[in-house]
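Visitor: Quick note: the sequence shown uses my numbering, first residue 1, plus one each step. Even glycine gets a Cβ: it sits at the ideal position worked out from N, Cα and C. I have a structure I would like to understand better, so I am pasting it below and will then ask my questions one at a time.
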Amino acid sequence: MSMKTPRKQAELPRTQLLAARAFASIERFLHIEAASGIVLLIAAAIALVWSNSPFAASYTRIWHTPLSIRLGQFEFSHSLHFWINDALMTFFFLVVGMEIRREIHEGSLSDRRQAILPVIAALGGVVLPALIFLGFNFQPILRNGWAIPTATDIAFALGMLALLGRSIPGNIRIFLLTLAIIDDIIAVLIIALFYSGGLDYTGFLIAGFGIMLVLGFQRIGIGSAFGYIIPGAIIWTGMLITGAHPTLAGVVLGLMTPVVSVPMPERPLDTLSRIANELTGQNIKMEYEHKLARSLRKLKLAQRELLPPVVRVQKALHPWVAYIIMPLFALANAGVSISSKSFSGDHEIRIILGVVIALVIGKSVGILSMSWISVRMRWGQLPPDVTWKGITLVGLLAGIGFTMSIFITMLAFEDHNLQNAAKLGVLIGSFTAAVLGLIWGKIQTEKQTLDQ
Numbered sequence: 001m002s003m004k005t006p007r008k009q010a011e012l013p014r015t016q017l018l019a020a021r022a023f024a025s026i027e028r029f030l031h032i033e034a035a036s037g038i039v040l041l042i043a044a045a046i047a048l049v050w051s052n053s054p055f056a057a058s059y060t061r062i063w064h065t066p067l068s069i070r071l072g073q074f075e076f077s078h079s080l081h082f083w084i085n086d087a088l089m090t091f092f093f094l095v096v097g098m099e100i101r102r103e104i105h106e107g108s109l110s111d112r113r114q115a116i117l118p119v120i121a122a123l124g125g126v127v128l129p130a131l132i133f134l135g136f137n138f139q140p141i142l143r144n145g146w147a148i149p150t151a152t153d154i155a156f157a158l159g160m161l162a163l164l165g166r167s168i169p170g171n172i173r174i175f176l177l178t179l180a181i182i183d184d185i186i187a188v189l190i191i192a193l194f195y196s197g198g199l200d201y202t203g204f205l206i207a208g209f210g211i212m213l214v215l216g217f218q219r220i221g222i223g224s225a226f227g228y229i230i231p232g233a234i235i236w237t238g239m240l241i242t243g244a245h246p247t248l249a250g251v252v253l254g255l256m257t258p259v260v261s262v263p264m265p266e267r268p269l270d271t272l273s274r275i276a277n278e279l280t281g282q283n284i285k286m287e288y289e290h291k292l293a294r295s296l297r298k299l300k301l302a303q304r305e306l307l308p309p310v311v312r313v314q315k316a317l318h319p320w321v322a323y324i325i326m327p328l329f330a331l332a333n334a335g336v337s338i339s340s341k342s343f344s345g346d347h348e349i350r351i352i353l354g355v356v357i358a359l360v361i362g363k364s365v366g367i368l369s370m371s372w373i374s375v376r377m378r379w380g381q382l383p384p385d386v387t388w389k390g391i392t393l394v395g396l397l398a399g400i401g402f403t404m405s406i407f408i409t410m411l412a413f414e415d416h417n418l419q420n421a422a423k424l425g426v427l428i429g430s431f432t433a434a435v436l437g438l439i440w441g442k443i444q445t446e447k448q449t450l451d452q
């Protein structure tokens, strides 16, 4: 009996096999939620070390490097810091907008009864931290930062939850995700209503024109995301001219992204079935390889078209936002010069205390208390497998404000010292909330293991 080695992966060359394995490993890494939080943490740590090192001057200088776009006589010039905070972060808000769109269409926010509890909990997690901050900082020069501790960093919070492992019930993750998305909705509204300057209505006309272009493109069936770059740029420019923060253009586009696939001449399922039949009827020989390649391309296209546009775009943007844009934002904004002189003033101390206590205590107490009131009054009910200890874990992890809190800090204060104080408060508060959440979660998972 002769032993023949089966042909594996069509006898790909060794280099291709190694490359395929490497890309598979990278793809798995990119989809681990904990990874994005870790990358963000590393970027923030680098910023802190850099801004307190002998090279601190270079940290400040690099973010003020001017970058320009020129088209003939037209020139648009801003600092690198502006391009990161006001341009690249638009893609972050685009993903946020798409997450909100999906949740409203098919997620937890699509069912009113299911959405009531996280909505009320999120309101508690916004109102109480804001009141605590104002309790420390009611002076006119300081109270503009009231919204800093109201936000939750989705990537960080879910990343910390993922570190606790699979023993955490899935409904806790869904509850935290829903609450964080509602937090983002509130944060977007806060930015639009309270942190936009005097509005220039010419910008609204320009943004409106961009929105009409998007609607027109969707109407005629343009499915490629690249087709919406120019309308998106027009909306962004319009928002910039209005005085509202231009990153809100990302939210607008995200909310407009279709949640239903564009109809194809042939149904994707029919295409899949037809090509599967073609492939099973062919012998894979050299003369058929070009036919096979063509069939596989059609198969890949059909598989892609089965996904709604909102899922396709979000899936494509996720690695770029999570592993490039957000770490860049952290690197550019988390650098705080920590010295006794920087934070010796009464205003700076008040801001730091207000932000830290609001994030660590205000968030968790606000979420837990409003959840309890909601259940007690029978407005909502706890999800299956979620106990009050689980809600406490959600409250602690929701105190990780980081990205959105730092973003609001840059809008709330123009004074550099006040900005640094608020950023330090966000870093301390977010780190403390993360550690407390991990400790609490670890205790609960160990208790479950012992009980079993």
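1) Does the stretch 213-226 come close enough to the stretch 376-383 that 3 or more CB-CB pairs lie under 8 angstroms?
2) With a Cβ-Cβ cutoff of 8 angstroms, do Ile325 and Gly159 count as a contact?
3) If we ignore side chains and look at the alpha-carbon of each, how far apart do Pro101 and Val259 end up?
4) Ends of the alpha helix (DSSP H) at Ile400?
5) Hey, Gly203 and Gly165 are a contact pair by Cβ (cut 8 angstroms); roughly how many whole angstroms apart?
6) Residue range of the alpha helix (DSSP H) that Phe329 falls in?
7) Can you have a look at Pro246 and say buried or exposed, based on whether 16 or more other CB atoms are within 10 angstroms of its CB?
8) Leu491 and Gly401 look like a contact to me (Cβ under 8 angstroms); what is the Cβ gap, rounded to whole Å?
9) For Ile26, does the count of other Cβ atoms within 10 angstroms reach 16, so buried, or fall short, so exposed?
10) Closer than 8 angstroms is the cut-off here; do at least three beta carbon pairs connect the stretch 391-409 with the stretch 171-186?
11) Does Glu287 pass the burial test, meaning 16 or more other C-beta atoms within 10 Å, or should it be called exposed?
12) Taking the C-alpha atoms as reference points, what is the distance between Phe29 and Ala155?
13) Given a cut-off of 8 angstroms, decide if Leu161 and Leu397 are closer than it, judged by their beta-carbon atoms.
14) How many Å lie between Leu427 and His64 at the Cα?
15) Would you mind working out which of Ile46, Tyr59, Ser167 sits nearest Lys442, comparing C-alpha positions?
16) Beta-carbon separation of Ile104 and Ser110 under 8 angstroms?
17) Identify every run of the alpha helix (DSSP H) within the stretch 71-108, keeping only runs that are complete inside it and at least 4 residues long; order them along the chain.
18) Can you tell me whether Pro309 is helix, strand or coil according to DSSP?
19) Smallest Cα separation from Leu123: which of Val365, Leu418, Arg70, Gly210?
20) Taking only three categories from DSSP, how would you classify Ser469?
21) By the 10 Å Cβ neighbour count, where 16 or more other Cβ atoms means buried, how is Trp146 classified, buried or exposed?
22) Pick helix, strand or coil for Ile26, following the three-state DSSP scheme.
23) Along the chain, which unbroken stretches of the beta strand (DSSP E) at least 3 residues long are found entirely within the stretch 141-200?
24) With DSSP as the reference, label Pro319 as helix, strand or coil.
25) Mapping the DSSP letters down to three states, classify Met68 as helix, strand or coil.
26) Enumerate in chain order the residues of its own chain whose CB-to-CB distance from Gln419 is below 7 angstroms, with the five nearest sequence positions on each side excluded.
27) Under the assumption that Gly97 contacts Val252 (Cβ atoms under 8 angstroms), give the Cβ distance between them as a whole number of angstroms.
28) Any idea if Ala322 is buried or exposed, counting beta-carbon neighbours within 10 angstroms, 16 or more meaning buried?
29) Check whether the Cβ atoms of Ile120 and Thr150 sit closer than 8 angstroms, and answer yes or no.
30) Under 8 angstroms between the Cβ atoms of Leu88 and Leu80?
31) When you compare each of Lys447, Ala422, Ala434 to Phe136 by their alpha carbons, which one comes out closest?
32) Going by beta-carbon coordinates alone, are Pro118 and Thr178 separated by less than 8 angstroms?
33) Asp348 lies in the alpha helix (DSSP H); which residues open and close that run?
34) Under 8 angstroms between the Cβ atoms of Ile357 and Ile132?
35) Going by other Cβ atoms of all chains shown within 10 Å of its Cβ, with 16 needed for buried, is Thr387 buried or exposed?
36) Quick one: residues in its chain with C-beta nearer than 8 angstroms to the C-beta of Ala200, no 5 flanking neighbours on either side, listed in chain order?
Guide: Looking at the coordinates:
1) no
2) no
3) With the sequence shown as reference, residue 101 is identified as Arg, and Pro is not the correct amino acid for it. Answer to the nearest angstrom: the Cα atoms are 8 angstroms apart.
4) Counting along the chain, Ile400 falls outside any alpha helix (DSSP H), and DSSP gives it neither H nor E.
5) Contact doesn't hold; Cβ gap of about 48 angstroms is too wide.
6) 326-333
7) buried
8) Here the chain comprises residues numbered 1 to 452, so residue 491 is not present and cannot be evaluated.
9) Its pLDDT being 48, under 50, Ile26 is placed unreliably in this model, and the value from its coordinates should be taken loosely. So Ile26 counts as exposed.
10) Judged by pairs of C-beta atoms under 8 angstroms, the stretch 391-409 touches the stretch 171-186, as three or more such pairs exist.
11) With a pLDDT of 49 at Glu287, under the threshold of 50, the predicted position of this residue should be treated as unreliable, though the coordinate-derived value follows. When all chains shown are included, Glu287 counts as exposed.
12) With a pLDDT of only 47 at Phe29, under the threshold of 50, the placement of this residue in the model should not be trusted, and no figure is reported.
13) Yes. Within cutoff.
14) 23 angstroms
15) Ser167
16) yes
17) 89-106
18) helix
19) Out of Val365, Leu418, Arg70, Gly210, Val365 has the C-alpha closest to the C-alpha of Leu123.
20) In the structure displayed, the chain extends from 1 to 452; residue 469 sits before or after that span and is not available.
21) buried
22) Bear in mind that a pLDDT of 48 at Ile26, under 50, signals an unreliable position, so the model cannot answer this.
23) none
24) helix
25) This sequence places Ser at residue 68; Met is not what is there. It is a strand residue.
26) Thr409, Met410, Phe413
27) 7 angstroms
28) buried
29) no
30) no
31) Ala422
32) yes
33) The displayed chain sequence assigns Glu, not Asp, to residue 348. Here the alpha helix (DSSP H) through Glu348 covers 346-357.
34) yes
35) exposed
36) It is worth fixing the name first, because residue 200 is Asp in this sequence and not Ala. So the qualifying residues of the chain are Ile241, Thr242, Gly243.
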